[in-house]
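Letter by letter, the sequence shown follows residues 1 to 483 in full-length UniProt numbering.
Don't be surprised by glycine CBs; every beta carbon is placed ideally from N, CA and C.
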Amino acid sequence: MHTLSLTELAAGLRGKQFSSTELTQVFLARIGRHQALNAFVTVSEELALQQAEAADRRLAAGTPAPLTGIPIAQKDIFCTQGVKTSCGSKMLDNFIAPYDATAVERFNQAGAVMLGKLNMDEFAMGSSNETSFYGPARNPWDTERVPGGSSGGSAVAVAARLTPAATGTDTGGSIRQPAALCGITGLKPTYGRVSRYGMIAYASSLDQGGPMARSAEDAALLMQVMAGFDGKDSTSVDQPVPDYSAGLNDSLQGLKIGLPKQFFSPELDSQIAATIQSAIAEYQKLGATVQEVDMPNLELAIPAYYVIASAECSSNLSRYDGVRFGYRCQNPADLTDLYIRSRGEAFGAEVKRRILMGTYALSAGYYDAYYLKAQQVRRLISDDFKRALSEVDVLMGPVTPSTAFKIGSKTDDPIQMYLEDIYTIAINLAGLPAMSIPAGFIAGLPVGLHIIGNYFGEAKLLNVGHRYQQVTDWHNQVPKGFE
Numbered sequence: 001m002h003t004l005s006l007t008e009l010a011a012g013l014r015g016k017q018f019s020s021t022e023l024t025q026v027f028l029a030r031i032g033r034h035q036a037l038n039a040f041v042t043v044s045e046e047l048a049l050q051q052a053e054a055a056d057r058r059l060a061a062g063t064p065a066p067l068t069g070i071p072i073a074q075k076d077i078f079c080t081q082g083v084k085t086s087c088g089s090k091m092l093d094n095f096i097a098p099y100d101a102t103a104v105e106r107f108n109q110a111g112a113v114m115l116g117k118l119n120m121d122e123f124a125m126g127s128s129n130e131t132s133f134y135g136p137a138r139n140p141w142d143t144e145r146v147p148g149g150s151s152g153g154s155a156v157a158v159a160a161r162l163t164p165a166a167t168g169t170d171t172g173g174s175i176r177q178p179a180a181l182c183g184i185t186g187l188k189p190t191y192g193r194v195s196r197y198g199m200i201a202y203a204s205s206l207d208q209g210g211p212m213a214r215s216a217e218d219a220a221l222l223m224q225v226m227a228g229f230d231g232k233d234s235t236s237v238d239q240p241v242p243d244y245s246a247g248l249n250d251s252l253q254g255l256k257i258g259l260p261k262q263f264f265s266p267e268l269d270s271q272i273a274a275t276i277q278s279a280i281a282e283y284q285k286l287g288a289t290v291q292e293v294d295m296p297n298l299e300l301a302i303p304a305y306y307v308i309a310s311a312e313c314s315s316n317l318s319r320y321d322g323v324r325f326g327y328r329c330q331n332p333a334d335l336t337d338l339y340i341r342s343r344g345e346a347f348g349a350e351v352k353r354r355i356l357m358g359t360y361a362l363s364a365g366y367y368d369a370y371y372l373k374a375q376q377v378r379r380l381i382s383d384d385f386k387r388a389l390s391e392v393d394v395l396m397g398p399v400t401p402s403t404a405f406k407i408g409s410k411t412d413d414p415i416q417m418y419l420e421d422i423y424t425i426a427i428n429l430a431g432l433p434a435m436s437i438p439a440g441f442i443a444g445l446p447v448g449l450h451i452i453g454n455y456f457g458e459a460k461l462l463n464v465g466h467r468y469q470q471v472t473d474w475h476n477q478v479p480k481g482f483e
């Protein structure tokens with residue numbers, strides 16, 4: 001059962017080939033057998049079985065939704081009522097959310113079963129899952145290597161078939177980069193398409209939740225549940241939600257693909273470049289045309305991003321003060337000591353680094369020089385994308401500059417770690433949708449193809465991804481030992 005797609009699982013449940021309870025038990029058993037991957041922070045076995053029993057009753061009554069009875073797992077950044085929501089941090093290791101995030105609530109309404117909460121970089125700050133308070137999740141293709149981050153646990157769990165699908169969040173590539181490194185499909189929707197209510201904030205103008213699954217077809221089913229306006233989220237966009245599965249098989253004849261020349265610079269690993277070019281050749285066989293586009297401001301994306309994201313993180317994380325919720329130091333001498341020691345003891349090194357950078361960028365005398373300037377650069381980058389996407393239907397390129405690297409190999413060099421997101425960050429600055437789909441392997445490690453679309457163009461991205469997956473088999477490959 002663990003090898004079936006979401007569509008196949010739904011058909012099996014409706015056809016009474018197996019029950020949701022049986023299906024849930026299969027995945028709970030797999031999670032138990034593969035604990036060494038460290039994909040889960042919390043396994044909610046009791047809740048999952050309760051939800052599975054409720055789903056079986058709904059199936060028996062003949063009133064199921066498309067995901068009724070299907071197990072999924074939530075990134076541990078989404079609040080879940082009665083279940084620990086840690087955000088991968090010691091700061092929230094004891095936090096039991098009193099409510100559900102909107103995304104979680106929508107999956108519950110759809111009858112999905114929550115297997116548990118997935119490991120992640122602390123407060124979503126990281127590109128390798130190594131900043132997690134619970135230790136790194138391990139890439140199932142090579143357990144000595146990182147899965148990417150911050151949604152590393154989500155990518156590992158889907159790739160190793162510990163869950164049929166999962167949620168992730170993407171602030172600068174945190175869905176797409178781990179999806180690429182673990183050989184799965186990950187979609188970052190348009191900013192405002194998926195509610196951020198109950199999704200613990202890192203950088204509010206950049207964060208966006210999205211689906212992580214084996215295929216574009218599965219991701220479409222997840223998006224159908226996640227997308228939509230939410231009055232509880234002031235950044236949610238009130239726009240109709242299309243049927244994401246309806247156009248999956250549309251022809252790609254005449255599709256215009258743009259290749260940003262900045263994505264194919266000499267610094268790109270030659271083997272990754274060759275893998276991406278092979279994938280683009282498949283699209284040409286499907287009727288697409290290809291042209292180069294120039295986006296001169298992309299090289300400014302990383303400095304602009306880290307100023308803006310760090311500034312917003314500094315503001316968002318100020319609420320963790322040891323007073324209302326989360327970690328509190330022992331025996332504080334006074335209020336100042338409570339603040340200093342609670343934050344000093346509970347935040348990890350990378351979170352502290354970004355808080356310091358952000359506080360500096362927002363401080364008197366530096367705001368105009370750093371934060372305001374970064375926002376101006378953000379507009380230039382957004383304009384580059386608008387120009388490019390007025391000429392072509394989608395943009396394509398690599399997701400990552402390399403395949404998965406060894407655990408511990410970049411932890412002492414934050415700049416090198418930041419460069420892992422060199423191809424993904426600009427998309428968040430512009431608020432565009434983008435996805436990673438498996439496109440091949442180098443020395444047994446997955447490579448992802450980056451597909452970028454226009455605002456609210458998720459249906460087109462899913463169509464483009466699905467048609468490629470109909471003529472290739474990369475998305476069906478399973479790491480050895482997890483078949």
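Residue span of the alpha helix (DSSP H) that contains residue i, given as start and end
i    : result
V399 : Neither: V399 is in no alpha helix (DSSP H) and is coded neither H nor E.
K188 : Careful: K188 lies outside any alpha helix (DSSP H), inside the beta strand (DSSP E) at T185 to K188.
V377 : K373 to E391
G465 : E458 to V471
S270 : S270 to K285
C313 : A301 to N316
D337 : L335 to A346
V237 : Unbroken run through V237: none, as it is neither H nor E.
Backbone secondary structure at residue i - three-state DSSP
i    : result
R145 : strand
E292 : strand
Q74  : strand
D323 : In the sequence under discussion, the amino acid at residue 323 is Val, which differs from the Asp named in the question. It is coil, neither helix nor strand.
L115 : strand
M125 : coil
M120 : coil
I415 : helix
V156 : helix
M223 : helix
V351 : helix
V194 : strand
M357 : helix
Strand pairing of residue i, partner residues [DSSP]
i           : result
residue 491 : The displayed coordinates of the chain run from 1 to 483. Any statement about residue 491 would go beyond what the structure contains.
T68         : In DSSP, T68 forms no bridge with anything.
G408        : Answer is none; G408 lacks a bridge partner.
K480        : None; K480 has no bridge partner.
M212        : A166 and G186
M435        : L187 and I451
P446        : F441
L395        : G258 and I452
I96         : K84
M199        : F78
Chain-order list of residues whose beta-carbon lies under 7 Å from that of residue i (same chain, five-residue window excluded)
i    : result
R58  : P64, T68 and G111
T424 : G172, G173, R176, Q177 and V399
C-alpha distance - residue i paired with residue j, whole-angstrom precision
i    : j    : result
A333 : S270 : 58 Å
D207 : D170 : 6 Å
D56  : V104 : 19 Å
T80  : I200 : 11 Å
V113 : P164 : 11 Å
R324 : W141 : 41 Å
G88  : G168 : 13 Å
F263 : G397 : 6 Å
T406 : P147 : In the sequence as presented, Thr is not what sits at residue 406; that position holds Lys. Rounded to whole angstroms, K406 to P147 spans 10 Å at the Cα level.
Y320 : V41  : 20 Å
L181 : S402 : 9 Å
G358 : Y367 : 10 Å
P296 : E46  : 53 Å
G126 : L317 : 16 Å
I340 : R30  : 42 Å
N463 : K90  : 41 Å
I452 : S390 : 13 Å
Q376 : L298 : 13 Å
D421 : K117 : 24 Å
G32  : L115 : 11 Å
Same chain only: Cβ atoms within 6 Å of residue i, ignoring 5 sequence neighbours per side
i           : result
G228        : V241
R106        : V225
R161        : H2 and F482
S86         : V41, D76, L92 and D93
residue 512 : Because residue 512 is not part of the residues shown, which for the chain are 1 to 483, the question remains open.
E345        : C329
L380        : N297
Any non-hydrogen atom of the ligand GDP closer than 6 Å to residue i Cβ
i    : result
L181 : Ligands displayed in this structure: none; no statement on the ligand GDP is therefore possible.
Residue span of the beta strand (DSSP E) that contains residue i, given as start and end
i    : result
G168 : A165 to T169
P260 : K256 to P260
V43  : F40 to V43
Same chain, Cβ closer than 8 Å to residue i, neighbours up to 5 away in sequence not counted
i    : result
T143 : A36 and L37
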